[in-house]
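Read the structure below first, then the notes.
As structure tokens, this is what we get:
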């Protein structure tokens, strides 16, 4: 569990977000934190989270294997997820996956020999109106076909960062894990040139016309437990 001081400080910053007695709820962001350092959920990461939260390693491992966003084997910088669920499948999702599998010489949940790209099937990416959909580290590439998908992974292999159809610029798996742990993006480039989809823009426009705004939220503020109401 030889993690650098920065990781330990970030772990402490995560813990203070939770009320006393509920610290174990910090497990999910802590797992993202150790994944940001190791590139996956290592045995050391399991032990670190267990030690910080006073849990058993078995409890931490059970959570880490339940959610697909936590990788228990070393993953590439770029996690390429291809939706092969019903609609994407009907519109060619499996053909996209097969083309990428041949190009990268890997199958589901395998990583290229250079350690750069991990390929996986995805059951649903919640973007049926843009099918077939591919994500790279959870950023969307819409209306994909075999040719577009091959161009995408070839750019990744060449060290470039293709622009997603919508959403934020691409981050590596380690970089996005920092954000998922609840910390701000440290790279200036990670905040520039965000793309928006038509549906997102339509929703934002309708919200503005109706005077609807999102409530302010300070992610660093502890979540205070409510006192139970007295029985009447």
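Numbering (this note's numbering), first residue to last: 1175 to 1406. Think of the CB as a built atom: it goes at the ideal place given N, C-alpha and C, for glycine as much as any other residue.
If you measure between the beta carbons of residue i and residue j, is that distance less than 8 Å?
i            : j            : result
residue 1271 : residue 1260 : no
residue 1253 : residue 1297 : no
residue 1269 : residue 1320 : yes
residue 1177 : residue 1206 : no
residue 1308 : residue 1326 : yes
residue 1255 : residue 1299 : yes
residue 1189 : residue 1197 : yes
Please return the same chain residues whose Cβ sits closer than 6 Å to the Cβ of residue i, not counting the five positions on each side in sequence.
i            : result
residue 1234 : 1220, 1223 and 1224
residue 1292 : 1249, 1250, 1253 and 1285
residue 1350 : 1311
residue 1186 : none
My output table needs one value for residue i: the three-state DSSP class, helix, strand or coil.
i            : result
residue 1220 : helix
residue 1386 : coil
residue 1196 : coil
residue 1186 : helix
residue 1339 : coil
residue 1211 : helix
residue 1315 : strand
residue 1360 : coil
residue 1282 : coil
residue 1239 : helix
residue 1234 : helix
residue 1289 : coil
residue 1229 : coil
residue 1392 : coil
residue 1332 : coil
residue 1354 : helix
residue 1262 : helix
residue 1179 : helix
residue 1247 : coil
residue 1347 : helix
residue 1379 : helix
residue 1321 : helix
residue 1373 : helix
residue 1273 : helix
Going by alpha carbons, who is nearest to residue i out of the options?
i            : options                   : result
residue 1356 : 1237, 1226, 1193 and 1202 : 1202
residue 1278 : 1360, 1241, 1330 and 1267 : 1330
residue 1392 : 1335, 1191 and 1351       : 1191
residue 1266 : 1240, 1217, 1304 and 1360 : 1304
residue 1200 : 1179, 1372, 1384 and 1228 : 1228
residue 1216 : 1239, 1371, 1198 and 1288 : 1239
residue 1274 : 1318, 1388, 1264 and 1242 : 1318
residue 1208 : 1195, 1196 and 1184       : 1184
residue 1340 : 1226, 1373, 1196 and 1346 : 1373
Which same chain residues, not among the five before or five after residue i, have their C-beta less than 8 Å away from its C-beta?
i            : result
residue 1290 : 1250, 1251, 1252, 1330 and 1331
residue 1236 : none
residue 1301 : 1257, 1307, 1314 and 1316
Excluding the 5 residues preceding and the 5 following residue i in the sequence, name in chain order all residues of the same chain whose CB lies nearer than 7 Å to its CB.
i            : result
residue 1214 : 1245, 1246, 1247, 1248 and 1249
residue 1276 : none
residue 1338 : 1313, 1314, 1315, 1344 and 1369
residue 1384 : none
Could you please give me the residues that DSSP links to residue i through a beta bridge?
i            : result
residue 1295 : 1256
residue 1327 : Per DSSP, none; premise fails for residue 1327.
residue 1310 : 1254 and 1313
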